[in-house]
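**Q**
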Amino acid sequence: MQREEIRNLSGFAWSVAEILRGDFKQSEYGKVILPFVVLRRLDCILETSKAQVLDAAKALPDGVDEATRDMILFGAVGGNVKVYNLSRFTFATLKGQDPGQLHQNLVDYITNFSSNVRDIFLDKFLFTDQIKRLKDGGILWNVFQRMTEIDLHPNRVTNIEMGYLFEELIRRFSEISNETAGEHFTPREVIRLIVDLLIANDDTKLTKRGIIRQVYDPACGTGGMLALTEEALQDFNPSIRVELFGQEINAESFGICKSDMLVTGHDPEQIAFGNTLTQDAHKDKRFHYMLSNPPYGVDWKKYQDPIKEEADTLGFSGRFGAGTPRISDGQLLFLQHMISKMRDDEDGSRIGIVMNGSPLFTGGAGSGESEIRRWMFENDWVEAIVALPTDLFYNTGIQTYIWLLTNRKPANRQGKVQLIDASGERFWKSMRKSLGSKRREIPEEARADIVRIYEGFLNGGNGEGDVAKIFDVDDFGYREIRIERPLRLNFQASHERIARLAKEKAFTRLPDDEQEEIEVVLLGMGDKLFTNRKAFEKALTKALKADGIKTAAPVKKAVLAALSERDEEADICTDKDGNPEPNTDLRDYEFVPLKEDWREYVAREVTPFAPDTWVDESYRDARDHEIGRIGYEINFNRYFYRYAPPRPLEKIDVELKALETEIAELLREIAA
Numbered sequence: 001m002q003r004e005e006i007r008n009l010s011g012f013a014w015s016v017a018e019i020l021r022g023d024f025k026q027s028e029y030g031k032v033i034l035p036f037v038v039l040r041r042l043d044c045i046l047e048t049s050k051a052q053v054l055d056a057a058k059a060l061p062d063g064v065d066e067a068t069r070d071m072i073l074f075g076a077v078g079g080n081v082k083v084y085n086l087s088r089f090t091f092a093t094l095k096g097q098d099p100g101q102l103h104q105n106l107v108d109y110i111t112n113f114s115s116n117v118r119d120i121f122l123d124k125f126l127f128t129d130q131i132k133r134l135k136d137g138g139i140l141w142n143v144f145q146r147m148t149e150i151d152l153h154p155n156r157v158t159n160i161e162m163g164y165l166f167e168e169l170i171r172r173f174s175e176i177s178n179e180t181a182g183e184h185f186t187p188r189e190v191i192r193l194i195v196d197l198l199i200a201n202d203d204t205k206l207t208k209r210g211i212i213r214q215v216y217d218p219a220c221g222t223g224g225m226l227a228l229t230e231e232a233l234q235d236f237n238p239s240i241r242v243e244l245f246g247q248e249i250n251a252e253s254f255g256i257c258k259s260d261m262l263v264t265g266h267d268p269e270q271i272a273f274g275n276t277l278t279q280d281a282h283k284d285k286r287f288h289y290m291l292s293n294p295p296y297g298v299d300w301k302k303y304q305d306p307i308k309e310e311a312d313t314l315g316f317s318g319r320f321g322a323g324t325p326r327i328s329d330g331q332l333l334f335l336q337h338m339i340s341k342m343r344d345d346e347d348g349s350r351i352g353i354v355m356n357g358s359p360l361f362t363g364g365a366g367s368g369e370s371e372i373r374r375w376m377f378e379n380d381w382v383e384a385i386v387a388l389p390t391d392l393f394y395n396t397g398i399q400t401y402i403w404l405l406t407n408r409k410p411a412n413r414q415g416k417v418q419l420i421d422a423s424g425e426r427f428w429k430s431m432r433k434s435l436g437s438k439r440r441e442i443p444e445e446a447r448a449d450i451v452r453i454y455e456g457f458l459n460g461g462n463g464e465g466d467v468a469k470i471f472d473v474d475d476f477g478y479r480e481i482r483i484e485r486p487l488r489l490n491f492q493a494s495h496e497r498i499a500r501l502a503k504e505k506a507f508t509r510l511p512d513d514e515q516e517e518i519e520v521v522l523l524g525m526g527d528k529l530f531t532n533r534k535a536f537e538k539a540l541t542k543a544l545k546a547d548g549i550k551t552a553a554p555v556k557k558a559v560l561a562a563l564s565e566r567d568e569e570a571d572i573c574t575d576k577d578g579n580p581e582p583n584t585d586l587r588d589y590e591f592v593p594l595k596e597d598w599r600e601y602v603a604r605e606v607t608p609f610a611p612d613t614w615v616d617e618s619y620r621d622a623r624d625h626e627i628g629r630i631g632y633e634i635n636f637n638r639y640f641y642r643y644a645p646p647r648p649l650e651k652i653d654v655e656l657k658a659l660e661t662e663i664a665e666l667l668r669e670i671a672a
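With the working numbering, the residue at position 535 of the sequence shown is 535, and numbering never jumps.
1) Label Glu167 either buried or exposed according to how many other C-beta atoms from any shown protein chain fall within 10 Å of its C-beta, with 16 as the threshold for buried.
2) Nearest-angstrom Cα distance between Ile549 and Gly524?
3) In chain order, what residues of the same chain lie with their CB nearer than 8 Å to the CB of Phe12, ignoring the 5 residues before and after it?
4) Given this structure, state the Cα-to-Cα distance separating Glu179 from Lys25, to the nearest angstrom.
5) In whole angstroms, give me the CA-to-CA distance for Asp575 and Arg509.
6) Taking 8 Å as the threshold (C-beta atoms), are Glu590 and Arg605 in contact?
7) Just reading off the alpha helix (DSSP H) that Gln130 is part of, what are its end residues?
8) State yes or no: is the C-beta of Leu34 within less than 8 Å of the C-beta of Ile256?
9) Quick one: what does DSSP say Gln492 is sitting in, helix, strand or coil?
10) Going by the beta-carbon positions, is the gap between Ile498 and Leu529 smaller than 8 Å?
11) What beta strand (DSSP E) runs, 3 residues minimum, are completely inside the stretch 399 to 428?
12) Rounded to whole angstroms, what is the Cα-Cα separation between Gly182 and Phe609?
13) If you run the structure through DSSP and keep just helix, strand and coil, what is Asn356?
14) Using a Cβ-Cβ cutoff of less than 7 Å, which residues in the same chain neighbour Met1 once the five nearest sequence positions on both sides are dropped?
15) Tell me, which residues are paired with Trp614 by DSSP?
16) If you reduce the DSSP assignment to three classes, tell me which class Glu183 lands in.
17) Could you tell me whether the stretch 623 to 630 touches the stretch 465 to 482, using the rule of 3 or more Cβ pairs below 8 Å?
18) For the candidate residues Val190, Val382 and Asp329, whose alpha-carbon lies nearest to that of Ala448?
19) Whose C-alpha, out of Leu649, Lys95, Phe127 and Gln97, is nearest the C-alpha of Val107?
20) Using three-state DSSP, classify Glu445 as helix, strand or coil.
21) Using 10 angstroms around the beta-carbon of His495, count the other beta-carbons present and answer buried if the total reaches 16, otherwise exposed.
22) Closer than 8 Å is the cut-off here; do at least three beta carbon pairs connect the stretch 393 to 410 with the stretch 192 to 209?
23) Quick one: complete alpha helix (DSSP H) runs, 4+ long, within the stretch 279 to 333?
24) Comparing C-alpha positions only, which one of Asp123, Lys595, Arg21 and Thr93 sits nearest to Gly137?
25) Use the C-beta contact count for Glu650: other C-beta atoms within 10 angstroms, 16 or more gives buried, fewer gives exposed.
26) How long is the line joining the alpha carbons of Ser253 and Gly221, rounded to whole angstroms?
27) Could you check what DSSP says for Ala152 in three-state terms: helix, strand or coil?
28) Using a Cβ-Cβ cutoff of less than 7 Å, which residues in the same chain neighbour His184 once the five nearest sequence positions on both sides are dropped?
29) Using the Cα positions of Pro681 and Ile402, report the straight-line distance between them to the nearest angstrom.
30) I need the boundaries of the alpha helix (DSSP H) containing Glu243, first residue and last residue.
31) Do Glu565 and Leu487 come within 8 Å of each other at the CB atom, strictly closer than that value?
32) Within 10 angstroms of its Cβ, does Gln104 collect 16 or more other Cβ (buried), or is it exposed?
33) Enumerate, from N- to C-terminal direction, the unbroken beta strand (DSSP E) stretches of 3 or more residues contained entirely within the stretch 39 to 127.
34) Let me make sure I understand the geometry here. Which of Phe113, Ala57, Met71 and Leu46 has the alpha-carbon closest to that of Glu92?
35) State the beta-bridge partners of Gln214 as determined by DSSP.
36) Any chance the stretch 314 to 327 sits against the stretch 258 to 267, with 3 or more Cβ pairs inside 8 Å?
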């Protein structure tokens, strides 16, 4: 069956929308059509084995456990199908029943599926609620009759073609549900690009006979990434066995994905429901290929406790030993989770994940994000990062990036990271019709171009300097050092400065009469300006002692604070050991590339311009013996900067005059 026929078939299934119009919102059409297509496919699959399954069920001994019953009945169905139905009905026999009994009979049919399928229809699709709405609207029979006209028997529609059909239906559903489409649907061309990049350099591994590859998506949505990965692997090697695994937190998306596994002949039990970050359903599994498009900028506050507990108690024995990102964005949690599932064998694992710009640079040295990046770079797992065009996704127009990681880098890539800027016009074209925020797409030739650049490990030295560059891992690291300048203060017992004592808590806590006594002494010192703190302290002590006033250390400190001002011409303030005290207002930080000695950097970039500065040696990294803190970030704009000249003033002037004319016209209309 050709792809055009698949589109025609999906169009026929979607024609049910004409019946639904008025009783259901457009965004609800998929809640009826998708489950009905799954139901019809399962009916076609199970139709020929119906009698054998019912006979096998009757022959089951009393008290048989569920696992044994499932094994026997799956065997009665035959093949690799992991579903059965014990209802006496099929779509054909339901059609021959009284239309007034269809709702009751259809519920009987659905509730007699094996538990793995019954759960999808009842708990995830909430399908019995939908068919009740169809019944109450008087359109259940019309919808059911239309669905019986679609032949989805495996002899007519193969598993691969069924995957195409399901994908086409999901795409159409996404087009009319733009406000939520991006939550469970990644554009096909983006998925294909990730898959092509993942397998680009695996020729020798994938051409062997009898090999098995396990693919995993921890935020699998409706399963599009898994399905397209399998398709690409089988196109590469038809004899390959591909096992698909995933987990999804959204009930409806999970139902769609698990249904897709069912109707395409996969093991649906390998698709788990739940929160991947708190309840890892594939805890002890390791995978050859992992790919994902996790949610961007979604906070994880409501389930932070188990994540932080795992990070604190298990460390690197768990999934989050490198650190946790800020509570407002959990993308790097998903990436750490995927890294924890890399295989430690000859083949190793490859990871492809789409994220926004935040994981590239958010967080300074020592932050959770920086420590996670540091962990990945120091372990040399990051192979390449690809900047994608904006306006590719259905629910956001922001720029996104594909990260490619592996724990089996080839020799020529070890210690290196390739950056590819595929955001320019060379790599996208405008769509004839926008779909939500999606206004652009990556054509096939552009996708092949990106893969060619990656596969050839190209950089500025061999013809792709404007879009591809290769860096050493250390090029993304820096040492943050703290630069101090000395504190310089002058002191004066003027009326203005004495008035500041009213803001010093240690002073205001004194009894009123003691406050007055101290103020009188200070006024008696005159308004002489002191540029040396020790000289002023000596004069202050002498004046207080002359009047018999004793002050506690906090009060004296408050007086000094109130009567002082910053003065670059004053002497340096020193501590009891004679060391200069830092001026926190002038404190600064320098970011020294890891490849450079920080002492040489300071001597060249700091000391000539501020000779009295020094480096705070107490400001250190917990895991590094050198002064300063280690950080990692990737600044694409810095590496691929393109100068954009300002618009000519003449053009701006013309636009301003046009706006003035338009405003004047509007004002005249209002006045009229």
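Just so it is clear, CB atoms sit at the ideal spot from N, CA and C, and this is done for glycine as well.
**A** According to the data block:
1) buried
2) 14 Å
3) Glu149 and Ile150
4) Any reading at Glu179 must be qualified, since the residue scores a pLDDT of 44, below 50, and its modelled position is unreliable; the value itself is stated next. Spanning the two alpha carbons is a distance of roughly 14 Å.
5) 27 Å
6) Note on identity: in this sequence residue 605 is Glu, with Arg being the wrong assignment. Closer than 8 Å, so yes.
7) Phe127 to Asp136
8) yes
9) coil
10) No, they are not a contact pair.
11) Runs of the beta strand (DSSP E) inside the stretch 399 to 428: 400 to 406 and 416 to 421.
12) Legend: pLDDT at Gly182 = 41, less than 50; position of this residue unreliable, no value from coordinates given.
13) strand
14) With a pLDDT of only 49 at Met1, under the threshold of 50, the placement of this residue in the model should not be trusted, and no figure is reported.
15) Glu484
16) Low confidence applies to Glu183: its pLDDT is 47, below 50, so where it sits in the model is not reliable, and the reading given next is rough at best. The answer is coil: DSSP assigns Glu183 none of H, G, I, E or B.
17) Contact holds: three or more Cβ-Cβ distances are below 8 Å.
18) Val190
19) Checked all of Leu649, Lys95, Phe127 and Gln97; the closest Cα to Val107 is Phe127.
20) Three-state result, Glu445: helix.
21) exposed
22) yes
23) 304 to 314
24) Arg21
25) When all chains shown are included, Glu650 counts as exposed.
26) 5 Å
27) Sequence inspection shows Leu at residue 152; the Ala mentioned does not correspond to that position. Reduced to three states, the DSSP call for Leu152 is coil.
28) Low confidence applies to His184: its pLDDT is 44, below 50, so where it sits in the model is not reliable, and the reading given next is rough at best. Here the set comprises Gly221, Thr222, Asn250 and Ser253.
29) In this structure the chain extends from 1 to 672, so residue 681 is not present and cannot be described.
30) Unbroken run through Glu243 is the beta strand (DSSP E), Arg241 to Glu248; no alpha helix (DSSP H).
31) Not a contact, by the Cβ cut-off of 8 Å.
32) exposed
33) none
34) Correcting the residue identity first, residue 92 is Ala in this sequence and not Glu. Nearest C-alpha to Ala92: Leu46.
35) Glu243
36) no
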